[in-house]
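First up is the structure itself, then whatever we jot down about it.
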Amino acid sequence: ILNVEQSPQSLHVQEGDSTNFTCSFPSSNFYALHWYRWETAKSPEALFVMTLNGDEKKKGRISATLNTKEGYSYLYIKGSQPEDSATYLCASVAPGTYKYIFGTGTRLKVLA
Amino acid sequence: DSGVTQTPKHLITATGQRVTLRCSPRSGDLSVYWYQQSLDQGLQFLIQYYNGEERAKGNILERFSAQQFPDLHSELNLSSLELGDSALYFCASSFTGVGTGELFFGEGSRLTVL
Numbered sequence: 845i846l847n848v849e850q851s852p853q854s855l856h857v858q859e860g861d862s863t864n865f866t867c868s869f870p871s872s873n874f875y876a877l878h879w880y881r882w883e884t885a886k887s888p889e890a891l892f893v894m895t896l897n898g899d900e901k902k903k904g905r906i907s908a909t910l911n912t913k914e915g916y917s918y919l920y921i922k923g924s925q926p927e928d929s930a931t932y933l934c935a936s937v938a939p940g941t942y943k944y945i946f947g948t949g950t951r952l953k954v955l956a
Numbered sequence: 172d173s174g175v176t177q178t179p180k181h182l183i184t185a186t187g188q189r190v191t192l193r194c195s196p197r198s199g200d201l202s203v204y205w206y207q208q209s210l211d212q213g214l215q216f217l218i219q220y221y222n223g224e225e226r227a228k229g230n231i232l233e234r235f236s237a238q239q240f241p242d243l244h245s246e247l248n249l250s251s252l253e254l255g256d257s258a259l260y261f262c263a264s265s266f267t268g269v270g271t272g273e274l275f276f277g278e279g280s281r282l283t284v285l
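Residue numbers (the numbering used here), protein chains in the order written: chain A, 845 to 956; chain B, 172 to 285.
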């Protein structure tokens with residue numbers, strides 16, 4: 845069973861703060877790692893897909909890194925804005941399967 | 172707009188009933204995934220289809236079934252409904268379906284079983 849864990853479960857930050865969250869997955873059973881952003885009353889939207897150890901992806905103020913040897917990925921948000929408030933989900937895919945297994949997400953609230 | 176269409180958006184029904192949720196994938200996408208999100212739970216993978224064939228199965232109950240039709244739309248059938256089946260059901264589509272393609276999610280179908 846592929847167990848994907850995310851921490852923290854939720855956090856509040858002040859506008860302008862930088863923050864980061866963690867996604868952990870079984871390093872022995874890895875094929876791809878996805879990050880999604882899920883705003884309230886909307887549907888999840890893809891942020892990044894990473895497959896290689898050491899991968900780093902960036903989109904505006906949001907970036908992600910991947911460590912497949914130790915089984916974790918970090919998502920960073922620089923200079924948080926109220927519009928960054930959302931739940932951030934990660935999903936891991938194991939080799940030979942086609943299942944995107946999601947963590948329970950990190951709920952971010954950016955206070956103005 | 173992700174391009175994935177789910178109907179109905181909301182559905183209220185009684186225990187023991189049967190419902191069908193429909194999903195039209197994004198144009199060109201061959202793979203459809205179904206997820207269930209219950210209260211305080213994450214997205215639970217139910218089943219995946221690729222070009223009409225079942226490709227992967229998650230913890231989908233025997234009371235639930237799905238299929239993908241030749242035009243690539245998919246239906247999720249939920250029968251003998253129980254209170255615990257109340258949830259938000261998401262459909263997502265992907266072009267490749269092999270795990271490296273991003274998923275495009277529909278807006279979900281919220282099922283309430285009374």
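In this text, a Cβ means the ideal position worked out from N, Cα and C, and glycines have one as well.
Note that the coordinates shown come from a computational prediction; the quantities given were computed from them, not determined experimentally.
So what's residue i in DSSP terms, helix, strand or just coil?
{"i": "E849 (chain A)", "result": "strand"}
{"i": "N873 (chain A)", "result": "helix"}
{"i": "L254 (chain B)", "result": "helix"}
Across which residues does DSSP place residue i in a beta bridge pair?
{"i": "L933 (chain A)", "result": "A:Y880"}
{"i": "R951 (chain A)", "result": "A:S854 and A:T931"}
{"i": "F216 (chain B)", "result": "B:Y206"}
{"i": "E296 (chain B)", "result": "Residue 296 (chain B) is absent from the model: chain B starts at 172 and stops at 285."}
{"i": "V190 (chain B)", "result": "B:L249"}
Under 6 Å Cβ to Cβ from residue i, same chain only, skipping five residues before and after it: list those, please.
{"i": "F946 (chain A)", "result": "L933 and A935"}
{"i": "Q188 (chain B)", "result": "L252"}
{"i": "S907 (chain A)", "result": "Y920"}
{"i": "T895 (chain A)", "result": "A876"}
{"i": "N248 (chain B)", "result": "T191 and S236"}
{"i": "E900 (chain A)", "result": "T909"}
If residue i and residue j are in contact, beta carbons under 8 Å, what's the gap, nearest whole angstrom?
{"i": "Y221 (chain B)", "j": "Q215 (chain B)", "result": "That belief does not hold up - the Cβ atoms of Y221 (chain B) and Q215 (chain B) are roughly 20 Å apart, past 8 Å."}
{"i": "R197 (chain B)", "j": "S264 (chain B)", "result": "5 Å"}
{"i": "G272 (chain B)", "j": "S887 (chain A)", "result": "Going by Cβ atoms, the distance from G272 (chain B) to S887 (chain A) rounds to 17 Å, so no, they are not a contact pair."}
{"i": "E849 (chain A)", "j": "S868 (chain A)", "result": "5 Å"}
{"i": "L274 (chain B)", "j": "Y204 (chain B)", "result": "6 Å"}
Here's a check: name, in chain order, each residue in its chain whose Cβ is nearer than 8 Å to the Cβ of residue i, leaving out the five neighbours to either side.
{"i": "S202 (chain B)", "result": "P196, Q219, Y220, Y221, N222, R226, S264, S265, F266, T267, G268 and G272"}
{"i": "L182 (chain B)", "result": "V190, L192, S280, R281, L282 and T283"}
{"i": "V857 (chain A)", "result": "T863, S924, L952, K953, V954 and L955"}
{"i": "T184 (chain B)", "result": "V190, L252, L282, T283, V284 and L285"}
{"i": "S854 (chain A)", "result": "T950, R951, L952 and K953"}
{"i": "A938 (chain A)", "result": "L846, P870, N873, F874, Y875 and I945"}
Enumerate in chain order the residues of its own chain whose CB-to-CB distance from residue i is below 7 Å, with the five nearest sequence positions on each side excluded.
{"i": "P179 (chain B)", "result": "S280"}
Item to complete: Could you run through the segment 881-913 of chain A and flag, in chain order, every residue whose CB is less than 7 Å away from some CB of chain B?
Response: Along the segment 881-913 of chain A, going in chain order, the ones with a CB nearer than 7 Å to a CB of chain B are S887, P888, A890, V893 and T895.
Practice prompt. Quick one: which residues of the segment 192-204 of chain B get their C-beta closer than 9 Å to a C-beta of chain A? List them in chain order.
Written response: Cβ proximity to chain A below 9 Å picks out S202 and Y204 from the segment 192-204 of chain B.
Worksheet item: If contact means a Cβ-Cβ distance below 9 Å, which residues of the segment 203-226 of chain B contact chain A?
Response: Listed in sequence order: Y204, Y206, D211, Q212, G213, L214, Q215, F216, Q219, Y221 and R226.
Item to complete: Compile a chain-ordered list of the residues in the segment 927-955 of chain A whose CB is closer than 9 Å to at least one CB of chain B.
Response: Residues of the segment 927-955 of chain A with a C-beta atom less than 9 Å from some C-beta of chain B are L933, A935, V937, A938, P939, T941, Y942, K943, Y944, I945, F946, G947, T948 and G949, listed in chain order.
Worksheet item: Got a sec: which bits of the segment 243-270 of chain B sit with their beta carbon under 9 Å from any beta carbon on chain A, in order along the chain?
Response: Of all residues in the segment 243-270 of chain B, F261, A263, S265, G268, V269 and G270 have a Cβ within less than 9 Å of some Cβ in chain A.
Fill in: Contacting positions in the segment 861-882 of chain A - beta carbon closer than 8 Å to chain B
The segment 861-882 of chain A vs chain B, Cβ under 8 Å: Y875, A876, H878 and Y880.
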